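The structure under discussion appears below in the form of structure tokens.
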């Protein structure tokens, strides 16, 4: 069905007597109209005032197409840190596998807000490798980063992070980190039988 025919069908569904149908049709119509305007949305995400760029980036995050993903991945390298942050958050909508390693590269971004946003987005992936990418920022990051990493590990829920979180809980001099570590431990999934342990990195932990 051509895009125009899809739009017409969805526009008719906006008059459906059931609210559930109208809401679904409205969301679908937004997406179809976005597909029809991909060129304009791409340009809006790259140029102009930041609020307009960020709005376009959020829209791209909802589209979930190969084209929209490629645009978002390219914006991870934007010179403006708030555009990078918006892009990282937009990727939370679908958590595409193709974005995993580009997000891991963002852990080296010098801007703290980019690093914190990346930790949050990575923590939502259900990929066991994510724990290994987050863990160094708990062990060796500055206090604010370590707190963000502890929160991310708790959100991810990988039980293999428990000994490292316990180390922070027991020995960190930072009460905020101890609190985040305690919360994270409470959010971890139960360990599976014969759970493969992470390579021991506890000796790398600095006393905070």
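Residue numbers (my numbering): 3 to 210. We put the CB at the ideal spot given by N, CA and C, even for glycine. Please read these numbers as outputs of a predicted model, since none were measured by experiment.
- Under 7 Å, do residue 117 and residue 111 count as touching if we go by C-beta distance? Sequence index remark: in the chain shown, residue 117 carries index 115 (1-based). Sequence index remark: in the chain shown, residue 111 carries index 109 (1-based). It is a contact, given that the beta carbons lie within the stated cut-off.
- According to DSSP, is residue 119 helix, strand or coil? Taking the first residue of the chain shown as position 1, residue 119 is located at position 117. Helix at residue 119.
- Message: Just to confirm, is the Cβ distance from residue 148 to residue 190 under 7 Å?
- Response: On the chain shown, residue 148 is found 146 positions in, with the first residue counted as 1. On the chain shown, residue 190 is found 188 positions in, with the first residue counted as 1. No, Cβ-Cβ distance for residue 148 and residue 190 is not below 7 Å.
- Query: Which residues in the same chain as residue 121 place their Cβ atom closer than 7 Å to its Cβ, once the five residues preceding and following it in sequence are excluded?
  - Reply: For the purposes of this step, residue 121 is taken as the residue at position 119 of the chain shown. Closer than 7 Å at the Cβ level, and outside the excluded window around residue 121, lie 136, 139, 150, 151, 154.
- Boundaries of the alpha helix (DSSP H) in which residue 54 is found, first to last residue: Residue mapping note: residue 54 aligns to position 52 of the chain shown, counting from 1. That run of the alpha helix (DSSP H) goes 52-65.
- Item | At least three beta-carbon pairs within less than 8 Å, the region 13-23 to the region 41-48 | no
- Message: By alpha-carbon positions, which one of 141, 99, 115 ends up nearest to residue 71?
- Response: Numbered from 1 along the chain shown, position 69 holds the residue referred to as residue 71. Of the listed residues, the one whose Cα sits closest to residue 71 is 99.
- Close beta carbons around residue 123, own chain, < 8 Å, minus the five adjacent residues each side: Sequence index remark: in the chain shown, residue 123 carries index 121 (1-based). So the list reads 90, 91, 93, 94, 97, 105, once near-sequence residues are dropped.
- Task: Consult DSSP for residue 91 and reduce its assignment to one of helix, strand or coil.
- Result: Sequence index remark: in the chain shown, residue 91 carries index 89 (1-based). Of the three classes helix, strand and coil, the one that applies to residue 91 here is helix, per DSSP.
- Message: Considering only their Cβ atoms, is the gap separating residue 194 from residue 167 smaller than 7 Å?
- Response: As a first step, residue 167 must be located in the chain shown, where it is residue number 165. As a first step, residue 194 must be located in the chain shown, where it is residue number 192. Cβ atoms of residue 167 and residue 194: not closer than 7 Å.
- Item | For residue 156, the nearest candidate out of 64, 36, 173, 183 (CA to CA) | In the chain shown, counting from the first residue as 1, residue 156 sits at position 154. Nearest of 64, 36, 173, 183 to residue 156, Cα basis: 183.
- Query: Taking the alpha-carbon positions, what's the residue 176 to residue 143 distance?
  - Reply: Working through the chain shown from its first residue, we reach residue 176 at position 174. Working through the chain shown from its first residue, we reach residue 143 at position 141. Rounded to the nearest angstrom, the two C-alpha atoms are 13 Å apart.
- In the structure shown, what three-state DSSP assignment does residue 36 receive? On the chain shown, position 34 is the one that residue 36 refers to. If DSSP states are grouped into helix, strand and coil, residue 36 belongs with the helices.
- Item | residue 27 and residue 12 closer than 7 Å at C-beta | Within the chain shown, numbered from 1, the residue matching residue 27 stands at position 25. Within the chain shown, numbered from 1, the residue matching residue 12 stands at position 10. Closer than 7 Å, so yes.
- Message: On the CB-based measure, 16 or more other CB atoms within 10 Å of its CB, does residue 86 come out buried or exposed?
- Response: Locating residue 86 in the chain shown gives position 84, where the first residue counts as 1. Its Cβ being crowded by 16 or more others within 10 Å, residue 86 is buried.
- With residue 100 as the anchor, note down where its alpha helix (DSSP H) starts and where it stops. Against the chain shown, residue 100 aligns to sequence position 98. Note, residue 100: premise wrong, no alpha helix (DSSP H); not H, not E.
- Item | Under the three-state DSSP convention, the category residue 6 falls into | Taking the chain shown and counting its residues from 1, the one referred to as residue 6 is at position 4. Helix.
- Message: Given this structure, state the Cα-to-Cα distance separating residue 208 from residue 165, to the nearest angstrom.
- Response: Sequence index remark: in the chain shown, residue 208 carries index 206 (1-based). Sequence index remark: in the chain shown, residue 165 carries index 163 (1-based). Model confidence at residue 208 stands at a pLDDT of 41, short of 50, so the residue's coordinates are unreliable; what they give is reported in the following sentence. Each residue's alpha carbon lies about 14 Å from the other.
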